[in-house]
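K.L.:
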Amino acid sequence: MTSARDHWREDAACRSAHPYELFVDGPGQKRAKTVCIGCPVRTECLAEALDNRIEFGVWGGMTERERRALLRRSPNLASWQKVLDDARRDSERSQAV
Numbered sequence: 001m002t003s004a005r006d007h008w009r010e011d012a013a014c015r016s017a018h019p020y021e022l023f024v025d026g027p028g029q030k031r032a033k034t035v036c037i038g039c040p041v042r043t044e045c046l047a048e049a050l051d052n053r054i055e056f057g058v059w060g061g062m063t064e065r066e067r068r069a070l071l072r073r074s075p076n077l078a079s080w081q082k083v084l085d086d087a088r089r090d091s092e093r094s095q096a097v
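In my numbering, the protein residues as written are 1 to 97.
#1: Taking Arg67 and Leu50 to be in contact with their CB atoms under 8 Å, please state how far apart those CB atoms are, rounded to whole angstroms.
#2: Roughly how many whole angstroms lie between the Cα atoms of Asp25 and Arg9?
#3: Assuming Ala12 and Cys45 are in contact, meaning their beta carbons sit under 8 Å apart, how far apart are those beta carbons, in whole angstroms?
#4: I'd like to confirm the pairing. Which residues does DSSP put opposite Trp59 in its beta bridges?
#5: Give the range of the alpha helix (DSSP H) segment to which Gly28 is assigned.
#6: Hey, Ala47 and Gln81 are a contact pair by Cβ (cut 8 Å); roughly how many whole angstroms apart?
#7: Relative to the C-alpha of Lys33, which candidate in Leu77, Glu64, Ser79 has its C-alpha closest?
#8: Candidates Val97, Glu21, Ala69, Gly61: which alpha carbon is nearest Gly38's?
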């Protein structure tokens with residue numbers, strides 16, 4: 001059974017991309033990250049990778065190395081989804097003012 005939280009994939013900018021485009025090494029990662037620019041579900045995607053400690057591929061505009069560094073800075077954080085949602089709301093509020 002899928003939850004509402006799982007439906008973000010349907011709106012992902014990469015939904016039609018071939019996995020070989022997103023799970024790349026080196027310079028290919030920079031190209032893969034460009035797919036994430038402007039993606040409407042970038043935050044949900046990144047939270048999925050962080051919360052589930054996904055080790056490979058570009059998720060939410062971040063490489064595995066970038067995600068590992070972020071996880072090392074906050075190893076005991078229970079929900080990246082909440083942190084990222086709160087940050088997005090704060091950003092939207094500040095832009096509305």
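Even for Gly, the Cβ is constructed at its ideal location relative to N, Cα and C.
P.N.:
By the coordinates alone:
#1: Within the sequence shown, the letter at position 67 stands for residue 67. Within the sequence shown, the letter at position 50 stands for residue 50. Going by Cβ atoms, the distance from Arg67 to Leu50 rounds to 6 Å, so yes, they are a contact pair.
#2: One-based indexing of the sequence shown puts residue 25 at position 25. One-based indexing of the sequence shown puts residue 9 at position 9. The alpha-carbon atoms of Asp25 and Arg9 are separated by roughly 23 Å.
#3: Within the sequence shown, numbered from 1, the residue matching residue 12 stands at position 12. Within the sequence shown, numbered from 1, the residue matching residue 45 stands at position 45. The pair is a contact, with the Cβ atoms about 6 Å apart (cut-off 8 Å).
#4: Looking up residue 59 in the sequence shown gives position 59. Note: Trp59 sits in a beta bridge opposite Met62.
#5: One-based indexing of the sequence shown puts residue 28 at position 28. Gly28 -> alpha helix (DSSP H) spans 27-36.
#6: Numbered from its first residue, the sequence shown carries residue 47 at position 47. Numbered from its first residue, the sequence shown carries residue 81 at position 81. The pair is a contact, with the Cβ atoms about 4 Å apart (cut-off 8 Å).
#7: Mapped onto the sequence shown, residue 33 falls at position 33. Checking every option, the nearest Cα to that of Lys33 belongs to Glu64.
#8: On the sequence shown, residue 38 is found 38 positions in, with the first residue counted as 1. The shortest C-alpha separation from Gly38 is found at Gly61.
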